[in-house]
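Numbering (my numbering), first residue to last: 230 to 815.
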């Protein structure tokens with residue numbers, strides 16, 4: 230039924246809108262006007278005349294013409310982007326396309342391949358379609374090599390309350406119409422080449438048959454084979470682009486059958502029997518369901534996961550280090566056993582092990598604190614990256630700040646080259662989106678860093694401020710920050726910590742954060758002046774007083790009552806920023 234549906238649409242398209250191969254010329258630069266082209270022609274003529282005469286006057290005339298061309302190009306480019314920004318200021322998608330065109334970035338040219346594209350496509354497809362099976366086979370070999378007993382654990386029957394159950398039902402034509410009407414137009418089609426625009430244009434005619442196909446699929450409990458096919462586009466991650474493992478497969482319509490496209494060459498389709506396709510809507514949810522039981526495997530330690538990144542955490546006093554290492558190795562063995570049992574491959578080469586403590590504690594550690602994991606000896610590393618934050622063994626975040634400053638500087642240099650193409654408002658939005666957002670990412674984790682690190686981040690904000698205001702290098706930055714209503718970095722970090730504290734106090738944050746802060750009103754019922762305050766943890770060490778729980782309690786208790794009583798997060802942020810700006814101007 231679905232094959233007939235697809236063939237009917239495709240034959241109709243072939244009759245009325247057949248695919249044609251045309252040679253597309255590169256688009257001319259939009260800000261190169263005819264006057265500039267004429268001046269370029271004059272410049273080239275003057276250059277040729279100088280080459281013939283070698284006369285100093287001809288050379289001077291050529292240089293004047295060259296300078297005039299550069300000046301006109303610069304002015305024309307600036308005016309073009311200023312006009313385009315104003316024209317698209319109410320359309321964020323189009324506006325950011327213009328911004329990305331103006332800001333210099335890495336080349337987006339297609340990668341060239343030394344082999345025939347069809348051969349490369351077949352090789353990539355063979356690798357992509359067998360990744361899941363190879364990982365499952367490798368997990369079995371890993372279990373055998375390390376004497377891990379793999380036993381099939383039968384699933385227990387779990388009886389759910391009736392309100393937590395669900396069942397599929399047939400859909401109406403109106404529901405299908407609403408779904409198709411909401412489809413974005415910028416999504417790539419799959420192997421059938423029927424995109425969302427075609428579906429929307431043909432909707433009055435195809436709505437009935439399409440609804441019938443969907444309902445037949447639901448009632449028969451089968452998914453149409455044609456909708457299980459996927460065309461895979463490889464996206465380079467890092468390294469040599471001709472090595473399949475250095476590419477990320479993105480599936481366009483996915484599940485059981487794959488074919489890979491390299492440039493214009495399409496590989497032969499291959500079936501897949503393991504894993505979920507990257508790019509499918511349900512893939513993240515299915516993967517999380519599959520890993521749902523992993524955190525319950527460890528006994529002495531706690532296991533935290535974010536998608537496929539997992540951490541085994543164990544806290545212990547220094548005198549129990551030998552026992553702690555033994556417990557950690559046992560829990561890692563349990564994790565490895567569970568993964569092998571469920572055909573998931575652990576990569577010991579990418580597993581990092583870090584011990585965290587104060588400098589005094591770390592200086593008292595034994596010489597050898599390595600642990601054994603899957604036949605490899607893991608030695609403690611000095612730092613490791615976790616979800617974009619670089620953690621170090623003392624949690625002072627020196628390396629994170631250094632990497633952050635370097636990354637922000639690279640982006641600022643790119644924006645600085647295009648700053649004359651934007652007005653102040655647009656430039657402020659660009660820097661806020663591309664630099665400031667990166668600068669304050671997860672700031673509540675590392676905002677307890679040293680004053681010298683805060684000063685380094687402040688230097689980034691100073692440069693960003695001068696780019697937005699188009700000021701000179703040695704201009705004093707404080708009045709410029711006030712002009713833009715920007716908080717200095719120390720106040721900005723305080724602002725973000727206070728905002729997160731407000732969310733925790735008002736149960737707007739995740740439970741694991743809200744539960745860390747205890748209201749004094751929950752301890753006793755007496756109405757006192759500190760009734761709405763938070764209980765301050767009794768941390769005597771400097772490390773404990775740098776924790777978010779301690780800092781958040783102090784921040785909240787020192788806030789004015791009118792700030793604590795704000796009815797929403799938005800009004801709290803507005804009032805707090807106004808308060809901090811006024812305090813900074815005193």
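Every residue gets a Cβ at the ideal spot worked out from N, C-alpha and C, and that includes glycine.
I need the DSSP call for residue 772, collapsed to helix, strand or coil. helix
Classify residue 407: buried if its beta carbon has 16 or more other beta carbons within 10 angstroms, exposed otherwise.
exposed
Determine the direct distance from the alpha carbon of residue 577 to that of residue 371, and round the result to whole angstroms. 10 Å
- [ ] Enumerate in chain order the residues of its own chain whose CB-to-CB distance from residue 696 is below 8 Å, with the five nearest sequence positions on each side excluded.
- [x] 641, 644, 645, 648, 656 and 660
For this session: Rounded to whole angstroms, what's the CA-CA distance from residue 346 to residue 476? Just pull it up for me.
Result: 15 Å
- Mind checking whether residue 499 and residue 364 have CB atoms under 8 Å apart? no
Which one of 679, 242, 537 and 689 has the shortest CA to CA distance from residue 668? 689
Close-in-space but distant-in-sequence residues of the same chain around residue 541 (CB under 8 Å, 5 per side omitted): 527, 530, 531, 532, 557, 560, 561 and 564
Whole-number beta carbon distance between residue 429 and residue 409, since they are thought to touch under 8 Å:
6 Å
query = Cα separation between residue 290 and residue 297?
reply = 11 Å
Please list the terminal residues of the continuous beta strand (DSSP E) segment that includes residue 535. 531-535
Open item on the list: Can you give me the C-alpha to C-alpha distance between residue 610 and residue 806, rounded to a whole angstrom?
Closed with: 40 Å
Next item on the list: Please classify residue 504: is it buried, with 16 or more other beta-carbons within 10 angstroms of its beta-carbon, or exposed?
Entry: buried
* Please state whether DSSP places residue 619 in a helix, a strand or coil. => strand
Can you check DSSP and say which residues form a bridge with residue 477? 464
Notebook entry, point to check: Just curious, the beta strand (DSSP E) that residue 541 is in, first and last residue?
Noted result: 538-542
message = With the cut-off set at 8 Å, would you say residue 535 and residue 620 are in Cβ contact?
response = no
Item to complete: Out of 373, 670, 631 and 411, state which residue places its alpha-carbon closest to the alpha-carbon of residue 569.
Response: 373
Which first and last residues belong to the beta strand (DSSP E) in which residue 605 is found?
-> 605-607
* To do: For residue 748, write down the residues that DSSP places opposite it in a beta bridge.
  => 763
Q) Quick one: what does DSSP say residue 495 is sitting in, helix, strand or coil? A) strand
Using CA coordinates, which residue listed in 396, 770, 765 and 771 is at the minimum distance from residue 785?
-> 765
Next on the checklist: What residue range does the alpha helix (DSSP H) around residue 601 cover?
Outcome noted: Looking at the DSSP string, residue 601 is not in any alpha helix (DSSP H); the run it does join, the beta strand (DSSP E), is 600-602.
Taking the straight line between their C-alpha atoms, what separation do you get for residue 249 and residue 455? 25 Å
Exercise. Anyone know if the C-beta pair for residue 436 and residue 400 falls short of 8 Å?
Worked result: no
Could you tell me how far apart the beta carbons of residue 630 and residue 682 are, in whole angstroms, since I believe they sit closer than 8 Å? 4 Å
* To do: Would you check if the distance between the CB atom of residue 203 and the CB atom of residue 311 is smaller than 8 Å?
  => Only positions 230 to 815 of the chain appear in this structure, which leaves residue 203 out of reach.
TODO: Using three-state DSSP, classify residue 382 as helix, strand or coil.
DONE: Bear in mind that the predicted position of residue 382 carries a pLDDT of just 49, short of 50, making it unreliable; the figure below should be weighed with that in mind. Three-state DSSP puts residue 382 in coil, outside helix and strand.
- Own chain, CB closer than 7 Å to residue 241, minus 5 neighbours either side, in chain order: none
Task: Cβ-Cβ separation, residue 746 to residue 782 (assumed contact under 8 Å), whole Å - done: 7 Å
- Considering only the beta carbon of each residue, do residue 357 and residue 461 sit closer than 8 Å? yes
Point to revise | Exposure label - residue 698; buried when at least 16 CB within 10 Å | key: buried
C-alpha distance - residue 230 paired with residue 434, whole-angstrom precision: 16 Å
Worksheet item: Buried or exposed: where does residue 480 fall if 16 or more other Cβ atoms within 10 Å of its Cβ makes it buried?
Response: buried
Q.
Rounded to whole angstroms, what is the Cα-Cα separation between residue 382 and residue 613?
A. Residue confidence is low: residue 382 scores 49 on pLDDT, short of 50, so the model does not pin down where it sits. Its coordinate-derived value is still stated next. Roughly 34 Å separates the two Cα atoms.
(Q) Whole angstroms are fine: how far does the CA of residue 579 sit from the CA of residue 605? (A) 11 Å
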